[in-house]
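Scroll down for the structure; my scribbles are underneath it.
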Amino acid sequence: MSDKYFVHEDALVETDTIGTGTRVWRNAHIMPGAVVGENCNIGENCFIEGHVVIGSGVTIKNNVAIWDNITIGDDVFVGPAAVFTNDLRPRAHIKKTFCDLEATVIKQGATIGANATVVCGITIHEHAFVGAGSVVVRDVPPYGVVYGNPAQLRGFMCECTRELPATDGRSQCECGLAYVITGQNITPAS
Amino acid sequence: MSDKYFVHEDALVETDTIGTGTRVWRNAHIMPGAVVGENCNIGENCFIEGHVVIGSGVTIKNNVAIWDNITIGDDVFVGPAAVFTNDLRPRAHIKKTFCDLEATVIKQGATIGANATVVCGITIHEHAFVGAGSVVVRDVPPYGVVYGNPAQLRGFMCECTRELPATDGRSQCECGLAYVITGQNITPAS
Amino acid sequence: MSDKYFVHEDALVETDTIGTGTRVWRNAHIMPGAVVGENCNIGENCFIEGHVVIGSGVTIKNNVAIWDNITIGDDVFVGPAAVFTNDLRPRAHIKKTFCDLEATVIKQGATIGANATVVCGITIHEHAFVGAGSVVVRDVPPYGVVYGNPAQLRGFMCECTRELPATDGRSQCECGLAYVITGQNITPAS
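For the protein sequence lines, the chains are A, B and C, in the order given.
Start counting the first sequence at 644; every next residue gets the next number (my numbering).
Start counting the second sequence at 644; every next residue gets the next number (my numbering).
Start counting the third sequence at 644; every next residue gets the next number (my numbering).
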């Protein structure tokens with residue numbers, strides 16, 4: 644354990660590649676090989692497998708497992724008991740190697756709601772917002788808001804969490820950030 | 644630890660305000676400031692934050708986290724892996740204080756089904772019944788039975804778990820309890 | 644602890660009836676009386692109650708609780724955070740005994756997807772496949788693929804995970820296994 648980051652005495656951290664200011668709470672377990680950035684918050688009972696990269700400023704609430712071949716970008720929020728996978732069609736009698744696993748990518752600033760299920764092989768793009776209890780089975784566009792089972796696109800949300808209009812053209816959020824919207828594409832504007 | 648209540652040797656209890664007869668099971672963690680009533684059963688791996696009040700006679704099954712600003716009434720049943728929240732629109736880069744959190748209230752005698760998701764800011768009223776796997780996004784009336792994603796009102800249930808009719812007027816359950824029903828309002832009758 | 648099977652030093656195993664080659668991971672807890680077969684993999688934070696029988700070759704991923712009166716056949720895969728129940732209508736003030744509990748049976752080779760909810764009193768038949776995040780409220784036929792909330796039958800899957808046709812008659816999977824299909828009944832053919 645380093646003095647750069649905090650590990651609860653009942654946690655088990657088996658990697659050294661953890662950034663300054665990160666906190667790992669009670670009974671969390673981080674496997675050898677995992678990479679965790681700076682100023683992250685890893686909740687109680689979380690499990691992080693070895694072939695995982697987690698960016699900086701990430702919050703992962705209690706009871707979340709991040710499996711091999713999942714990548715979490717900077718400033719991602721993972722709600723409590725959100726569930727990831729890395730095998731589309733698991734069978735106990737079929738042993739998988741790392742090469743059989745589907746990759747899942749959660750990009751910078753996205754939010755994964757509490758108890759959401761993220762089926763593997765997809766990308767949840769920058770600043771997307773997955774509602775609590777959703778089952779996500781396909782990619783989510785940047786700033787997209789999805790919820791339901793299966794999760795469907797319901798709108799768009801600014802980084803600041805205000806709703807964005809679904810109309811084409813330039814849109815300025817009350818917070819000052821501006822976007823250019825074209826159909827289901829939203830990109831930041833200057 | 645008191646001799647009034649039981650704490651498993653692998654649990655971590657950091658509050659003294661726990662009532663007589665309550666049992667706290669393996670790896671559960673109760674934070675300083677939390678208030679827990681008498682004769683409760685707190686399951687394995689549960690987590691109870693500090694700004695939480697839990698009544699008496701409450702059963703919380705394994706793997707449940709009760710966050711700040713959630714209130715649990717007497718005789719509530721919280722099924723395994725049910726998930727609560729206290730932030731409607733979490734973003735990792737936006738730090739929240741207690742004042743930013745939405746309150747959630749689970750009233751006396753309600754049941755929260757296994758793996759249900761309770762979105763914050765709502766009240767689940769007396770003796771309501773939330774089905775397993777539901778995603779609850781709005782208030783549930785007294786004795787109301789809800790399920791689905793999103794959870795919708797499907798009927799009414801007596802305290803004793805027998806189904807109640809959805810017709811207006813006075814209704815007496817086989818168990819002896821009587822109710823007056825008016826639309827979606829059910830109140831106990833003498 | 645036996646040298647026939649592996650128990651992580653932070654797990655708690657209170658039964659001796661565990662088969663050769665089984666591995667029990669960090670913070671898992673197996674109660675007295677439970678029966679676990681050979682070559683199983685019991686994930687972190689799992690909980691197995693005493694009146695449970697688990698076959699051989701079973702994989703149970705992290706954060707799963709197997710309650711009394713649940714039976715898991717050989718070669719079953721239980722995904723992470725899948726949730727079982729054994730009481731259809733729980734109320735905290737109504738104490739149940741073992742005789743009040745509904746039985747749930749997961750038969751040989753079935754897959755329970757990540758974060759699925761299995762409502763008690765049902766049978767999930769051989770080689771069935773429950774999709775991630777599903778809420779299962781009725782029996783699933785052999786080789787049946789179900790998903791959604793509530794989970795509905797969507798098709799059939801071979802043991803090898805390839806899709807099977809929904810047309811009546813004899814069908815041979817690419818893997819070599821053959822089936823006879825009649826409506827929603829699929830049986831292996833020689």
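Think of the CB as a built atom: it goes at the ideal place given N, C-alpha and C, for glycine as much as any other residue.
Since the model is a prediction, treat every value here as computed from it, not as a measurement.
Closer than 8 Å to chain C by CB, residue i
i: Asp-743 (chain B); result: no
i: Gly-664 (chain B); result: no
Test: residue i CB closer than 8 Å to a CB of chain A
i: Arg-734 (chain B); result: yes
i: Phe-649 (chain C); result: no
i: Thr-766 (chain C); result: no
i: Pro-675 (chain C); result: no
i: Thr-754 (chain C); result: yes
Proximity test, Cβ basis, 8 Å: residue i and chain B
i: Val-773 (chain C); result: no
i: Phe-720 (chain A); result: yes
Partner residues on chain B for residue i, Cβ-Cβ distance less than 7 Å
i: His-672 (chain C); result: Arg-669 and Glu-687
Chain C contact residues for residue i, given Cβ-Cβ distances below 7 Å
i: Asn-792 (chain A); result: Gly-776, Gly-791 and Asn-792
i: Gly-716 (chain B); result: Result: empty, since nearest Cβ-Cβ is about 10 Å, beyond 7 Å.
Chain A contact residues for residue i, given Cβ-Cβ distances below 7 Å
i: Ala-757 (chain C); result: Val-726, Thr-728 and Thr-760
Within chain C, partners of residue i - CB distance below 8 Å
i: Leu-655 (chain A); result: Asp-653 and Arg-669
Sequence-distant residues of the same chain with beta carbon closer than 7 Å to residue i, five excluded per side
i: Gly-812 (chain A); result: Ile-824
i: Phe-799 (chain C); result: Tyr-786, Gly-787, Val-788, Leu-807, Ala-809 and Ile-829
i: Trp-668 (chain C); result: His-651, Ala-654, Ile-685, Gly-686 and Glu-687
i: Cys-818 (chain C); result: Cys-801, Cys-803 and Arg-805
i: Pro-793 (chain B); result: Val-778 and Val-780
Cutoff 8 Å; reference residue i; Cβ partners in own chain excluding five residues on either side
i: Gly-764 (chain C); result: Leu-731, Glu-745, Ala-746 and Thr-747
i: Asn-758 (chain A); result: Gly-722, Pro-723, Ala-724, Ala-725, Val-726, Ala-775 and Gly-776
i: Asp-717 (chain B); result: Gly-680, Gly-698, Ser-699, Gly-700, Val-701, Gln-751 and Gly-752
i: Thr-790 (chain B); result: What sits at residue 790 (chain B) in the sequence shown is Tyr, not Thr. If we look at Tyr-790 (chain B) and ignore the five residues flanking it on each side, its Cβ neighbours are Gly-756, Val-773, Gly-774, Ala-775, Gly-776, Ser-777 and Arg-797.
i: Lys-739 (chain A); result: Asp-730 and Pro-733
i: Ser-833 (chain C); result: Ala-821
Whole-angstrom C-beta distance between residue j and residue i, which should lie under 8 Å
i: Pro-675 (chain C); j: Glu-657 (chain C); result: 4 Å
i: Asn-688 (chain A); j: Ala-671 (chain A); result: 7 Å
i: Val-721 (chain B); j: Val-707 (chain B); result: 5 Å
i: Gly-756 (chain C); j: Glu-769 (chain C); result: That belief does not hold up - the Cβ atoms of Gly-756 (chain C) and Glu-769 (chain C) are roughly 17 Å apart, past 8 Å.
i: Val-762 (chain A); j: Ala-724 (chain C); result: Not a contact, Cβ separation roughly 13 Å.
i: Ile-673 (chain A); j: Gly-698 (chain A); result: Incorrect: roughly 15 Å between the Cβ atoms, too far for contact.
i: Gln-815 (chain A); j: Ala-821 (chain A); result: 4 Å
i: Thr-663 (chain B); j: Lys-647 (chain B); result: 4 Å
Close beta carbons around residue i, own chain, < 6 Å, minus the five adjacent residues each side
i: Ile-666 (chain B); result: Here residue 666 (chain B) turns out to be Arg, not Ile, going by the sequence shown. If we look at Arg-666 (chain B) and ignore the five residues flanking it on each side, its Cβ neighbours are Phe-649 and Asn-684.
i: Ile-703 (chain C); result: Ile-685, Gly-686, Cys-689 and Val-721
i: Ile-639 (chain C); result: Because chain C is modelled from 644 through 833, residue 639 (chain C) falls outside the range shown and cannot be assessed.
i: Glu-692 (chain A); result: Met-674, Trp-710 and Asp-711
i: Val-696 (chain A); result: Val-678 and Thr-714
i: Arg-734 (chain A); result: none
i: Asn-705 (chain B); result: Gly-686, Glu-687, Asn-688 and Pro-723
Any non-hydrogen atom of the ligand ADP closer than 7 Å to residue i Cβ
i: Ala-809 (chain A); result: The ligand ADP is not part of the structure shown, which contains no ligands of any sort.
Within-8 Å CB hit, residue i to chain E
i: Thr-825 (chain C); result: Looking at the structure shown, chain E is missing, and the protein chains on hand are A, B and C.
Discussion item. Residues of the stretch 775-788 of chain B in Cβ contact with chain A at a cutoff of 9 Å, in chain order, please.
Written reply: Gly-776, Ser-777, Val-778, Val-779 and Val-780
Worksheet item: If you measure beta-carbon to beta-carbon, which residues of the stretch 680-707 of chain C are closer than 7 Å to chain B?
Response: Asn-688, Phe-690 and Asn-706
Worksheet item: Residues in the stretch 821-832 of chain A with C-beta within 8 Å of chain B's C-beta atoms, listed in sequence order?
Response: none
Fill in: Contacting positions in the stretch 796-822 of chain C - beta carbon closer than 8 Å to chain A
Met-800, Glu-802, Cys-803 and Thr-804
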